[in-house]
Amino acid sequence: MYIAHSESTNLLKMFTHLGAKVPFYCTGAGKVLLAYLPEDIQDYNISKTVLKRYSKNTLITAKALKKEFKIIRAQGYALDNEEREEGVTCIAAPIFDSYDVAIAEISVSGPTYRLKEKNIDYIIKSVILTAEELSFNLGYVKASYGETDSIKI
């Protein structure tokens with residue numbers, strides 16, 4: 001569910017509606033939050049969801065999603081590579097509380113051509129660093145995101 005957003009000043013932009021619910025399996029926000037849940041809760045959510053194809057890139061099998069969750073945890077962010085909407089990319093990173101629980105996420109979404117054109121590596125790093133700062137403000141103390149000792153960008 002979207003609880004806040006900041007709109008782009010560009011003419012071509014994403015439209016999100018506060019309070020809108022979106023599928024977890026084909027959005028950066030949903031994938032990053034589910035990736036940090038215990039495996040049994042991941043399995044339960046996947047089993048109770050009809051995995052509908054929204055685009056040619058939508059992950060529609062439990063096996064593909066579980067593989068994606070491992071990648072997300074290892075790198076510390078999720079990428080929605082035109083999975084819900086062709087032409088739209090999203091980068092999302094988890095926000096942790098003092099109990100090491102991913103309670104929210106922060107993301108940047110926009111037209112794929114613009115995110116790639118604007119140096120996607122820089123955007124990924126910025127999203128991760130912002131999530132880390134917000135997590136720190138909530139009492140999170142881990143040294144880095146992901147399962148490794150450093151962020152690999």
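In this text, residue positions in the sequence shown follow our numbering: the first is 1, and each later residue adds one.
Even glycine gets a Cβ: it sits at the ideal position worked out from N, Cα and C.
- Query: Taking just the CA atoms, how far does I106 sit from M1?
  - Reply: Confidence in M1 is poor, its pLDDT being 45 and thus under 50, which makes the residue's placement unreliable; the coordinate value appears in the next sentence. The alpha-carbon atoms of M1 and I106 are separated by roughly 12 Å.
- Item | CA-to-CA distance, I71 to K52, given in whole angstroms | 22 Å
- Query: If you draw a straight line from the alpha carbon of I120 to that of Y44, how long is it in whole angstroms?
  - Reply: 33 Å
- Message: Can you check which of these residues, Y77, L59, D100, is closest to E83 by C-alpha distance?
- Response: L59
- Is the beta carbon of S98 less than 8 Å from the beta carbon of L138? yes
- Query: Just how far apart, CA to CA, sit Y77 and I95?
  - Reply: 10 Å
- Item | Span of the alpha helix (DSSP H) around S136 | The amino acid occupying residue 136 in the given sequence is Phe; Ser does not appear at that position. Here the alpha helix (DSSP H) through F136 covers 120-137.
- Verify whether the separation of the beta carbon atoms of V141 and A93 is less than 8 Å. no
- Task: Note down the Cα distance separating V101 from Y36, rounded to an integer number of angstroms.
- Result: 8 Å
- Can you tell me the Cα-Cα spacing of T89 and E68, whole angstroms? 16 Å
- Message: Closest to T49 by C-alpha separation, out of K56, I41, S55, would be which residue?
- Response: I41
- Message: So, with DSSP's three-state summary, where would you put I103?
- Response: strand
- Task: Tell whether a beta-carbon distance below 8 Å holds between G28 and I91.
- Result: yes
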